[in-house]
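Offset between the sequence shown (1-based) and the numbering used here: plus 18.
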Amino acid sequence: MNILLFHPKKETLEMLSFCLESQMSLKVSRAQTFQQVVEQFLEEEPIDLVVTSLQPETDKLFKYILSTGGSVPVILVAENEEEKVEAYPDIRVLGKISQKHVPDKLFTLIRDSFPERTSTPANEEYCRINTELLVRVVPLRGDIYIRLSSVKYVKLFRRGMIFSSQDLERFLQRKKISYLYIKKADSLEFMDKFQETLKGILETAVPEDGELFETVSEVQDLLQDLSTTLGFNSEVQELARTNVKLTIKAIGASPRLTKVLGASPLRNKNYISSHSVQLANIACCIAAQMEWPSNTTFQKLVMAALFHDFLIPKPELAKVATKKELDALHLKPNDEQFLIIKNHMIKASELIKTLSEVPSDVDVIVLQHHERPDGTGFPKGIRAHQIAPLAAVFIMAHDVLHAMRSSEDKFDFKRFLRNSEAEYQGSGFRKVWKALSQEIEGGGRSAA
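This is the structure in structure tokens:
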């Protein structure tokens, strides 16, 4: 796939080009002027997509595309999403995104628009590591790499070199690099060192420290990557158990839902990881309100939250919460994405059973987290009386979080409870709903 980037600023072109080449197996051409755009279109290899900014020469670009038949789609990168575009109804504009949302939204938009041409095969030789986590454990005996494409990796730091906080600033802020890579063969040393780092954080952490959630979310992100690359081996499992303990410490012994609803969102851009950590927090808040605040209960809910979407590879698939939303995708029963969504809770439940020292019911909570009280959920379509009590807590916590993330305006929790009361029939769900109502009435705070 050949993408043409058209932007007057060289540094912006370089940033966009690096983002696309490093995260996707794509050929990227660049143009700063309209004349360079024409030259690229006249090359032998056709242009499949144009990514451009709103600039004086955008008008020329659109007219040129129309003169060639108007079949090449366009993605617009704007200073802000409020910028207006002159109407060209025959131009196929796939979407408009603000610069602050590059690269995440750009990647998603390209993948969704060209799913058959943007699949990135995993490179089994390398493991992706969040840069902020990597800086905690250097020096390493192995080399550290940067990825230029799905098949090309370049050595950035030689073994034994110190990766300092200044390097972190340089790569994260100036070069916009969130991930670096190590060889799969060197992963054991990294995990050993990182496990010791996490244990140190766990020993010194103060309960209910909100900053811990950022660390937990980043570690959860790492665990999914390592599990994909290395398998769910004993070292990955040990990191997962430590992350569960760290999450419980971050939540504290007596969490309040009103406080969580008013908290700032997590900075981690990975939807699945941040969603899982927030869900753990909300579920434990509900359990505490129901006077079930034991460490065992919290451990069950936290483990269920951190693993419930663990085997989903794409954020857009994890956002499907109900069978109605699944049906709205109009996927065929044998479609890969349909099968991932429909079966992820079954596979995650089986994965949990492979962990040692897992309390009972965790696999059941994960298995039932998309069921509904009226039997319209999946995978089994069971009703309220067949859903485990902690699974009911988890389902309602999932509903609260889904509503919060879907709300375009300020989230009004009282309104959510009023509008959803009829859905939560059956004694288990009714108890949870009443407990939430009492929490909000007693907390004196209804919005987040």
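Quick reminder that beta carbons are idealized off the backbone N, C-alpha and C, glycines included.
Every value quoted in this text rests on a predicted model; they were computed, and no experiment measured them.
Legend entry - Inter-stretch contact at 8 angstroms, needing at least 3 Cβ pairs: the stretch 280-300 / the stretch 309-324: Contact between the stretch 280-300 and the stretch 309-324 is present, because at least three Cβ pairs lie under 8 angstroms.
Inset, instruction - Determine the closest residue to Ala402 out of Phe396, Val338 and Glu389, with distance taken between C-alpha atoms. - result: When each option's Cα is compared against that of Ala402, the closest is Glu389.
Inset, instruction - Examine the Cβ distances between the stretch 170-181 and the stretch 215-229 and report whether three or more of them are shorter than 8 angstroms. - result: They do not touch, by the three-pair rule.
Legend entry - Anticipated Cβ contact below 8 angstroms, His420 with Ala339, distance rounded: About 5 angstroms separates the two Cβ atoms, so the contact holds.
Legend entry - Within 8 angstroms, strictly: CB atoms of Val411 and Ala301: At a Cβ-Cβ threshold of 8 angstroms, Val411 and Ala301 count as neighbours.
Legend entry - Among Ala203, Val234 and Lys27, nearest to Gln73 - alpha-carbon criterion: Ranking the options by Cα distance to Gln73, first place goes to Lys27.
Legend entry - Cα-Cα separation, Glu61 to Val92: Inter-residue distance for Glu61 and Val92 is about 18 angstroms (C-alpha atoms, whole angstroms).
Inset, instruction - Specify, as a first and last residue, the run of the alpha helix (DSSP H) that Leu151 falls within. - result: It spans Thr149 to Leu152 - the alpha helix (DSSP H) in which Leu151 sits, taken as one unbroken run.
Legend entry - Residue environment, Glu459, which counts as buried when at least 16 other CB atoms sit within 10 Å: By the 16-neighbour rule on beta-carbons within 10 angstroms, Glu459 is exposed.
Legend entry - Local conformation of Asn437 per DSSP, three classes: In the structure shown, Asn437 sits in a helix (DSSP, three-state: H, G or I).
Inset, instruction - Could you tell me whether the stretch 380-397 touches the stretch 332-349, where touching means 3 or more Cβ pairs closer than 8 angstroms? - result: Contact holds: three or more Cβ-Cβ distances are below 8 angstroms.
Legend entry - Residues sharing a beta bridge with Cys145, DSSP: Under DSSP, Cys145 shares a beta bridge with Ile200.
Inset, instruction - Helix, strand or coil for Gly160, going by three-state DSSP, please let me know. - result: Coil.
Inset, instruction - Sort out for me which residues DSSP pairs Asp108 with in a bridge. - result: Partner(s): none; Asp108 has no beta bridge.
Legend entry - DSSP state of Asn20 mapped onto helix, strand, coil: Three-state result, Asn20: strand.
Inset, instruction - Kindly provide the ranges of any alpha helix (DSSP H) runs that are 4 or more residues long and lie completely inside the stretch 308-391, ordered along the chain. - result: List check, alpha helix (DSSP H) in window: 313-325, 333-336, 341-346, 354-371 and 380-385.
Inset, instruction - Give the single residue among Val56, Val234, Tyr163 and Leu319 whose Cα lies nearest to the Cα of Lys202. - result: It is Tyr163 whose Cα lies nearest to the Cα of Lys202.
Legend entry - Three-state secondary structure assigned by DSSP to Asp243: Looking at Asp243 - three-state DSSP - the assignment turns out to be helix.
Inset, instruction - Could you say if the stretch 247-258 and the stretch 196-211 meet the contact criterion of at least three C-beta pairs nearer than 8 angstroms? - result: By the criterion of at least three beta-carbon pairs nearer than 8 angstroms, the stretch 247-258 is in contact with the stretch 196-211.
Inset, instruction - Work out the CA separation of Thr126 and Glu354 for me, nearest whole Å. - result: Cα to Cα, Glu354 sits roughly 18 angstroms from Thr126.
Legend entry - Cβ pair Ile195, Tyr144 closer than 8 angstroms: The answer is no: Cβ separation not under 8 angstroms.
Inset, instruction - Mind the definition here: the stretch 280-287 touches the stretch 372-384 only if three or more C-beta pairs lie below 8 angstroms; say whether that holds. - result: Taking a contact to require three or more Cβ pairs closer than 8 angstroms, the stretch 280-287 and the stretch 372-384 do not qualify as touching.
Inset, instruction - Return the residue from the list Arg274, Leu335, Val278 and Thr394 that minimises the CA-CA distance to Trp310. - result: Comparing alpha-carbon positions, the option among Arg274, Leu335, Val278 and Thr394 lying closest to Trp310 turns out to be Arg274.
Legend entry - Within 8 angstroms, strictly: CB atoms of Ile383 and Lys449: Result no, Cβ atoms of Ile383 and Lys449 do not sit closer than 8 angstroms.
Legend entry - Residue burial classification, Ser85 (beta-carbon count within 10 angstroms, cutoff 16): Flag for Ser85 reads exposed.
Legend entry - Leu240 and Leu151 closer than 8 angstroms at C-beta: Yes, they are a contact pair.
Inset, instruction - Would you kindly work out how many angstroms separate the C-alpha atoms of Lys452 and Leu329, rounded to a whole number? - result: C-alpha separation (whole angstroms): 33 angstroms.
Inset, instruction - Give the DSSP bridge partners of Gly113, in chain order. - result: DSSP lists Ile93 as partners of Gly113.
Inset, instruction - Pick helix, strand or coil for Asp227, following the three-state DSSP scheme. - result: Note: Asp227 maps to coil in three-state DSSP.
Legend entry - Where Val278 falls, given that 16 or more other Cβ within 10 Å makes a residue buried: Around the beta carbon of Val278, 16 or more other beta carbons lie within 10 angstroms, which makes this residue buried.
Inset, instruction - With distances taken Cα to Cα, identify the nearest neighbour of Asn313 among Glu334, Leu349 and Lys267. - result: In this structure, Lys267 is the residue among Glu334, Leu349 and Lys267 with its C-alpha nearest to the C-alpha of Asn313.
Inset, instruction - Count the other CB atoms, across all protein chains shown, that sit within 10 Å of the CB of Ile180; report buried if there are 16 or more and exposed otherwise. - result: Under this definition Ile180 is an exposed residue.
Inset, instruction - State yes or no: is the C-beta of Val320 within less than 8 angstroms of the C-beta of Val262? - result: Yes, the Cβ-Cβ distance between Val320 and Val262 is below 8 angstroms.
Legend entry - Identity of the residue in Ala409, Lys350, Gly270 and Thr215 nearest Asp227 by Cα: Nearest C-alpha to Asp227: Gly270.
Inset, instruction - Could you check which residue in Asp417, Pro407, Glu75 and Arg146 has the C-alpha nearest to that of Val380? - result: The shortest Cα separation from Val380 among Asp417, Pro407, Glu75 and Arg146 belongs to Pro407.
Legend entry - DSSP state of Tyr171 mapped onto helix, strand, coil: Note: Tyr171 maps to strand in three-state DSSP.
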